[in-house]
Structures are given as C-alpha cells and as structure tokens.
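For reference, the structure discussed in these notes is given below.
Residue numbers (this note's numbering), protein chains in the order written: chain F, 292 to 548; chain A, 48 to 367.
As structure tokens, then:
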C-alpha cells in the first residue's frame with residue numbers, strides 16, 4: 292500500500308464534508324474581521340495613549356488580534372477532521388482499508404495540516420494587510436524589521452493550533468470531549484493562567500502563549516519572557532509533537548471503535 | 048481462505064471469544080451462527096485487524112491482515128454498524144475507500160450499480176434508509192473485487208426483495224469460487240444460504256460442520272402417523288416393539304423407524320392411514336438444543352459467574 296494512495300483518499304474525505312468548508316471559512320472571516328475592527332479601534336486610541344504605551348505599540352501584533360477567536364474555528368476544524376471517523380463509525384471502514392495505522396494517521400494529519408497551512412498563511416497575510424490599512428499612519432510594513440517573520444509566524448501558529456487539536460482528538464476520539472477540553476483551555480484557562488501573576492510563569496509555556504510570541508514585533512517594556520519568537524514557536528511545536536505522538540500510540544494500541 | 052487459530056479476546060474479566068480455531072474455505076458459503084452476544088462481531092472485527100486478539104491469530108490466505116497489500120482487493124467486509132459519515136455522499140464514501148487501495152474510479156460506479164444505488168450516489172448518506180445503508184456497506188465490501196467476502200448480519204434492515212437479492216448475491220459469489228463468510232443469529236436464514244456452519248455460543252466453538260451433517264446430527268427425525276384406527280395402530284406398533292408418542296393433534300410420532308416399515312406394518316394389519324410422513328425437527332430446534340447444551344455445560348462446570356437461564360438463549364434468537 293502506497294502512502295500516496297492513502298493521502299489521495301484522505302483528501303477525498305476532507306473535501307467531501309461540509310464541516311471542512313465552514314470551519315475554515317469561519318476561521319478566515321473571524322480572524323480578518325476582528326483583526327480589522329481592533330486595528331481600527333487602536334488607531335483611534337493611539338492619540339489618547341501614554342508615551343509608555345506608545346513605545347510598545349505593535350501594529351503587526353494588533354492586526355493579529357482576531358486570531359484569539361479565529362483559532363477556535365481552527366480547533367473545531369482539527370477536532371472534526373479526526374473525531375468524525377469515530378463519531379460516525381467510519382474508522383472501522385478506514386482501518387480495514389488501511390490497516391497500517393501509522394500510515395493512516397500520518398496521511399490524515401498531513402492532508403489536513405497542508406490544507407490548514409494554506410488557509411492559515413492566506414489568512415495571516417490578509418489580516419496583516421487589511422489590519423495595517425485600518426491603522427492608517429501607524430501602520431507597519433512588510434519590509435520592517437521582524438514583520439515578515441511575524442506574518443509567516445501567524446500562519447504557522449494557526450496551522451500548529453489545528454495540528455495540536457488533531458492530536459488531542461486522536462487521543463480522545465469523541466468530538467464533544469475534545470472540544471469540551473480544547474475550547475475552554477484556549478479561550479479561558481490559558482488567558483487566566485497567563486494574566487495572574489502567580490501562574491504567569493506556567494502560562495508562558497502553554498502552547499498558545501508560547502506560540503503567539505512569534506507574531507510580536509515590538510517587545511513590551513516589562514517583558515520577561517524567557518524565550519524569543521522562534522523559541523516560543525518551538526515550545527508550541529513540542530506540545531504539538533506530544534499530542535500527535537500520544538494520538539498515534541493510542542490509535543496503535545486500541546481496538547478500533 | 049480465512050484461518051483462525053486459538054483466537055481469544057478478553058475484555059478485562061469477561062471472555063468475549065475463547066480459543067476459536069476454524070477455517071473458512073473458498074467456493075462455499077460458511078454461516079457463522081450464534082445467539083446475540085456470542086462473539087460473532089468481535090470475531091469478525093479481529094479477522095479485519097480492527098480489534099487486537101488477546102491470544103491466537105488470524106490468517107487471510109496465509110497472511111496477517113496488516114501485512115496485506117491493498118486489503119480491500121483481498122477481503123471485503125460488511126460490518127454490522129453503518130459506519131458512514133452522514134454528510135458524505137455514497138459516491139465519495141466509496142471513492143475514498145477505493146483510492147486508499149488503488150482501486151480505479153470506474154469500479155465505484157460499477158459497485159453502485161450492482162447494489163442499485165446509482166440514482167442516489169450523489170446524495171448525502173444521512174438521508175439513507177437502513178436498507179440503503181446496508182446496500183452501501185455491501186458496495187464497499189465488493190469494491191476491491193475480493194476473493195474473500197465477509198458479511199455481518201447482512202439481511203438486517205433489508206426488505207424481502209433486498210433479502211432475496213443478498214441471498215442470491217452471496218450464492219453467486221460462492222459459485223464463482225470466492226470465500227463467503229456470513230454471520231447471523233437466525234438459523235432459518237442460515238438454512239437458506241449456508242453450505243457450511245460454524246456455530247458459537249458464549250465465544251466458544253460449538254460446531255464446525257457441513258449444513259447437511261449439522262441437520263443430520265442435531266435434529267430428531269421421526270415419522271408422523273395418523274390413522275382413524277388409532278388404538279389398533281398403537282397396539283400393532285407396540286407388538287412390533289416400536290414406541291410411539293402421541294402428539295397434541297391426535298397424530299402419533301414414531302422415533303427410530305422408517306416410514307416404509309410402519310406403512311408395511313399397518314398394511315399387514317389392514318389399518319387405514321391418513322398420514323404417513325417422515326419428519327425432521329426444524330433447524331431452529333437443533334440450534335436451540337446445541338446452544339442450550341453449551342449453557343448446561345457451563346452451568347455444571349463453570350467456576351466463575353453462573354450462566355444465564357436457559358430460556359434466555361432461545362429468546363435472543365427468536366426475537367429476530
């Protein structure tokens with residue numbers, strides 16, 4: 292059995308269900324729209340800002356503000372791609388067709404991740420340019436120091452969020468359980484841990500907080516983050532690897548139900 | 048050919064399948080019979096490598112399932128659960144399975160046609176009836192034109208026309224020299240289709256025999272006799288050393304004698320007979336007796352949990 296056959300099969304699977312289209316569209320629309328809105332608001336606020344705040348004003352990072360919400364749709368995409376197999380019982384047909392479970396999982400993740408990467412990169416560039424357009428004279432340009440890295444990093448960040456969700460869903464199998472853990476984790480718990488002084492040190496190492504560092508161009512004044520932009524993305528990548536390896540090990544060992 | 052060797056599956060304390068050894072041969076339909084919960088589906092899932100056996104192994108034409116190159120072209124299976132994404136069309140469902148095994152697209156159209164789903168091929172599976180879902184599952188099994196086919200309760204949810212169709216299909220597949228392995232909890236269904244029988248109860252092998260032999264060995268044959276001169280006939284039989292029991296409707300049932308012998312006996316005594324017919328107890332009775340014996344066996348020797356009461360066994364397959 293050639294891996295290309297399985298990749299082709301997984302592509303047919305992913306393009307033939309409606310959830311792919313609506314989750315990815317939602318990720319694009321929410322990220323861009325919210326990014327534009329917050330950019331526009333920030334432009335108006337700039338005038339009333341203190342000098343200190345103006346120093347750490349980061350137009351690139353501001354245009355990515357929509358990602359905090361847009362990533363939730365990316366999580367849904369990642370979770371559904373994997374857990375649909377279990378919730379529909381399709382997994383039995385899939386594994387009977389592709390008994391090499393490593394090939395099966397890796398092909399599925401490769402196809403879904405490639406699709407997520409294309410959509411995420413496009414979204415990241417679109418949200419940057421449209422956000423900068425809203426910021427008027429305070430805008431950053433792609434040629435500025437660190438900006439291109441931040442924009443490409445934004446695309447990588449969203450892709451890794453999707454892949455992390457796929458790994459978690461491969462471990463948990465149930466879509467409700469996976470979403471029930473991932474959504475509040477990224478939307479609430481990570482924020483709370485990151486903003487309370489006592490837990491901030493821990494929060495910094497959570498996948499989304501470490502990963503989103505790559506989208507910062509201007510470092511905040513009181514910044515004490517122990518890693519740089521790529522270091523942060525690396526920490527996020529470690530989380531993703533752990534989730535995917537966990538999903539693979541469990542898939543390999545468990546009965547297919 | 049499917050070969051099972053000491054196949055065992057344990058879920059914690061509970062033994063679902065215990066030490067199953069049998070071979071499913073090509074060219075005939077092998078029925079896999081057992082009451083609900085006997086371990087049929089678990090066994091079939093292990094054959095497909097979906098569930099990992101606790102012990103023992105399975106070979107498909109001599110090869111382990113996960114070593115098969117493009118397994119769908121070797122063995123096709125219809126499993127009990129529907130297992131189709133409701134938002135995906137029948138065509139795309141089959142296409143993704145076909146692509147994973149390098150099966151050409153044209154074959155998807157062919158199997159859709161074979162099972163009669165061409166008209167709804169582009170419709171989402173969520174609108175499918177149970178019968179249509181079953182047909183889609185059969186289409187998936189046929190996709191790779193495999194030499195071995197396995198059907199788990201294929202007649203479930205089919206209408207009479209569909210049931211007739213699947214029986215004819217299985218017979219023609221076996222006639223082409225393919226291996227056909229079909230499970231059912233209905234003895235009557237097996238009697239109409241299977242040439243060979245594998246019977247399990249509580250995960251244990253109870254019988255592995257040809258259908259004819261199974262009937263021969265497990266059913267009681269007797270002669271049913273009806274006569275207006277019943278008392279004289281009884282006397283005649285008694286004198287000849289033949290025991291007869293009265294059945295409820297006034298007829299006599301004679302065990303262990305040929306109809307010819309009883310007819311000649313009656314003729315010598317100039318007795319009028321209204322009925323003289325060799326009878327065979329139904330297969331269902333034979334099946335019930337076999338599984339009931341397995342329950343008795345466990346009830347007497349079992350050291351662990353007590354076996355369920357005998358009538359439960361009958362109930363479980365009667366319902367269907």
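Just so it is clear, CB atoms sit at the ideal spot from N, CA and C, and this is done for glycine as well.
Tell me, which residues are paired with residue 171 of chain A by DSSP?
Position 124 of the second chain, counting from 1, holds the residue named residue 171 of chain A. Its beta-bridge partners are A:136.
What distance in whole Å lies between the Cβ atoms of residue 147 of chain A and residue 169 of chain A, which are believed to be in contact at a cut-off of 8 angstroms?
Start at 1 with the first residue of the second chain, and residue 169 of chain A comes out as number 122. Start at 1 with the first residue of the second chain, and residue 147 of chain A comes out as number 100. Approximately 21 angstroms separates the beta-carbon atoms of residue 169 of chain A and residue 147 of chain A; this is outside 8 angstroms, ruling out the contact.
Helix, strand or coil, according to DSSP, for residue 484 of chain F in the structure here?
Locating residue 484 of chain F in the first chain gives position 193, where the first residue counts as 1. In this structure, residue 484 of chain F counts as helix in the three-state DSSP scheme.
Assign residue 67 of chain A to one of two classes, buried (16 or more other C-beta atoms within 10 Å of its C-beta) or exposed (fewer than that).
Translated into positions along the second chain, residue 67 of chain A becomes position 20. So residue 67 of chain A ends up on the buried side.
What is the rounded straight-line gap between the Cα of residue 173 of chain A and the Cα of residue 538 of chain F?
Locating residue 173 of chain A in the second chain gives position 126, where the first residue counts as 1. Locating residue 538 of chain F in the first chain gives position 247, where the first residue counts as 1. Answer to the nearest angstrom: the Cα atoms are 28 angstroms apart.
For the ligand GDP, is there a heavy atom less than 7 angstroms away from the beta-carbon of residue 251 of chain A?
Annotation note on the ligand GDP: not contained in the displayed structure, which lists no ligands.
Between A:251, A:286, A:323, which lies nearest to residue 57 of chain A when the distance is taken from Cα to Cα?
The residue labelled residue 57 of chain A in the question sits at position 10 within the second chain. Nearest option by C-alpha distance: A:251.
Could you name the residues of chain F that residue 115 of chain A contacts, counting a contact when the two beta carbons are closer than 8 angstroms?
For the purposes of this step, residue 115 of chain A is identified with residue 68 of the second chain, where counting begins at 1. Going along chain F in sequence order, the residues near residue 115 of chain A (Cβ under 8 angstroms) are 390.
When we look at the beta-carbon of residue 183 of chain A and count the other beta-carbons within 10 Å, is it buried (16 or more) or exposed?
In the second chain, the residue the question calls residue 183 of chain A occupies position 136. Of the residues assessed, residue 183 of chain A falls on the buried side of the cut-off, its CB having 16 or more other CB atoms within 10 angstroms.
Would you call the stretch 269 to 278 of chain A and the stretch 316 to 333 of chain A touching, i.e. three or more CB-CB distances under 8 angstroms?
The stretch 269 to 278 of chain A, when compared against the stretch 316 to 333 of chain A, does touch it at the 8 angstroms Cβ threshold.
For residue 376 of chain F, collect the residues of the same chain with a Cβ closer than 7 angstroms to its Cβ; drop the 5 residues on either side in sequence, then sort them by chain order.
For the purposes of this step, residue 376 of chain F is taken as residue 85 along the first chain, with counting starting at 1. Result list for residue 376 of chain F: 382, 385, in chain order.
Suppose you measure from the CA of residue 362 of chain A to the CA of residue 100 of chain A; what does that come to, to the nearest Å?
The residue you call residue 362 of chain A lines up with position 315 of the second chain. The residue you call residue 100 of chain A lines up with position 53 of the second chain. With a pLDDT of 45 at residue 362 of chain A, under the threshold of 50, the modelled position of this residue cannot be trusted, and the question is left open.
So, is residue 208 of chain A buried or exposed, given that buried needs 16 or more other C-beta atoms within 10 angstroms?
Reading the second chain from its first residue, position 161 is the one you call residue 208 of chain A. Exposed, by the Cβ-count rule.
Listed from N- to C-terminal order along the chain, which residues in the stretch 122 to 135 of chain A have their beta-carbon within a distance smaller than 8 angstroms of any beta-carbon of chain F?
Closer than 8 angstroms at the C-beta level to chain F, one finds these residues of the stretch 122 to 135 of chain A: 124, 126, 128, 129, 130, 131, 132, 133, 134, 135.
Closest by CA to residue 330 of chain F, which one among F:426, F:345, F:298, F:294?
In the first chain, counting from the first residue as 1, residue 330 of chain F sits at position 39. Measuring from the Cα of residue 330 of chain F, the nearest candidate turns out to be F:426.
Tell me the residue span of the alpha helix (DSSP H) that contains residue 532 of chain F.
Start at 1 with the first residue of the first chain, and residue 532 of chain F comes out as number 241. 520 to 544 is the span of the alpha helix (DSSP H), which, as asked, contains residue 532 of chain F.
I want to see whether chain A comes within less than 8 angstroms of residue 380 of chain F, judged by CB atoms only; does it?
Looking up residue 380 of chain F in the first chain gives position 89. By this cut-off, residue 380 of chain F is an interface position.
Indicate the three-state DSSP secondary structure (helix, strand or coil) for residue 253 of chain A in the structure shown.
Within the second chain, numbered from 1, the residue matching residue 253 of chain A stands at position 206. In the structure shown, residue 253 of chain A sits in a strand (DSSP, three-state: E or B).
Drop a sphere of 10 angstroms on the beta-carbon of residue 530 of chain F, count the other beta-carbons inside from all chains shown, and report buried for 16 or more, exposed for fewer.
For this step, residue 530 of chain F is matched to residue 239 along the first chain. Per the 10 Å Cβ criterion, buried.
Please list the partners that residue 304 of chain F has in chain A, where partner means a Cβ-to-Cβ separation under 7 angstroms.
Looking up residue 304 of chain F in the first chain gives position 13. Per Cβ cutoff of 7 angstroms: 143.
By DSSP's criteria, residue 325 of chain A is part of a beta bridge. Which residues make up the other side?
The residue given as residue 325 of chain A occupies position 278 in the second chain. Its beta-bridge partners are A:270.
State the CB to CB distance for the pair residue 506 of chain F and residue 452 of chain F, rounded to an integer number of angstroms; the pair is presumed to be in contact (CB under 8 angstroms).
Position 215 of the first chain, counted from the first residue, corresponds to residue 506 of chain F. Position 161 of the first chain, counted from the first residue, corresponds to residue 452 of chain F. With 8 angstroms as the limit, residue 506 of chain F and residue 452 of chain F do not qualify as a contact, their Cβ atoms being about 12 angstroms apart.
Closer than 7 angstroms at the beta carbon, the chain A residues around residue 309 of chain F
Mapped onto the first chain, residue 309 of chain F falls at position 18. Chain A residues near residue 309 of chain F: 134.
Extent of the continuous beta strand (DSSP E) to which residue 243 of chain A belongs
Your numbering for residue 243 of chain A matches position 196 in the second chain. 243 to 248 is the extent of the beta strand (DSSP E) around residue 243 of chain A.
So what does DSSP say about residue 101 of chain A, is it helix, strand or coil?
What you label residue 101 of chain A is simply residue 54 of the second chain in a count that begins at 1. Three-state result, residue 101 of chain A: coil.
Taking residue 551 of chain F as the query, report the chain A residues whose CB atoms sit under 8 angstroms from its CB, ordered along the chain.
No answer is possible for residue 551 of chain F: the residues shown for chain F start at 292 and end at 548.
Considering Cα atoms alone, identify which of F:438, F:343, F:399 is closest to residue 355 of chain F.
Here residue 355 of chain F refers to the residue found at position 64 of the first chain. Nearest C-alpha to residue 355 of chain F: F:438.
Start and end of the beta strand (DSSP E) containing residue 56 of chain A?
Position 9 of the second chain, counting from 1, holds the residue named residue 56 of chain A. DSSP places residue 56 of chain A inside the beta strand (DSSP E), whose first and last residues are 49 to 58.
With 16 as the cutoff for other CB atoms within 10 Å, does residue 488 of chain F come out buried or exposed?
Position 197 of the first chain, counting from 1, holds the residue named residue 488 of chain F. The residue is exposed, with fewer than 16 neighbouring Cβ atoms inside 10 Å.
In chain order, which alpha helix (DSSP H) runs of at least 4 residues are fully inside the stretch 343 to 376 of chain F?
Within the stretch 343 to 376 of chain F, the complete alpha helix (DSSP H) runs of at least 4 residues are 350 to 354.
Does the CB of residue 156 of chain A have a neighbour CB from chain F at under 8 angstroms?
Start at 1 with the first residue of the second chain, and residue 156 of chain A comes out as number 109. No, residue 156 of chain A does not count as interfacial toward chain F.
Residue 302 of chain F burial status per 10 Å Cβ neighbour count (16 or more: buried):
Locating residue 302 of chain F in the first chain gives position 11, where the first residue counts as 1. By the 10 Å Cβ count, residue 302 of chain F comes out buried.
Across which residues does DSSP place residue 229 of chain A in a beta bridge pair?
Here residue 229 of chain A refers to the residue found at position 182 of the second chain. DSSP lists A:78, A:198 as partners of residue 229 of chain A.
At a Cβ threshold of 8 angstroms, is residue 112 of chain A touching chain F?
For this step, residue 112 of chain A is matched to residue 65 along the second chain. Yes, contact with chain F.
Taking the alpha-carbon positions, what's the residue 53 of chain A to residue 107 of chain A distance?
The residue given as residue 53 of chain A occupies position 6 in the second chain. The residue given as residue 107 of chain A occupies position 60 in the second chain. Cα to Cα, residue 53 of chain A sits roughly 15 angstroms from residue 107 of chain A.
Report the rounded CA-to-CA distance for residue 358 of chain A versus residue 338 of chain A, giving the unit in angstroms.
Locating residue 358 of chain A in the second chain gives position 311, where the first residue counts as 1. Locating residue 338 of chain A in the second chain gives position 291, where the first residue counts as 1. Note that residue 358 of chain A has pLDDT 43, beneath the 50 cutoff, so the model's placement of it is unreliable and no number is given.
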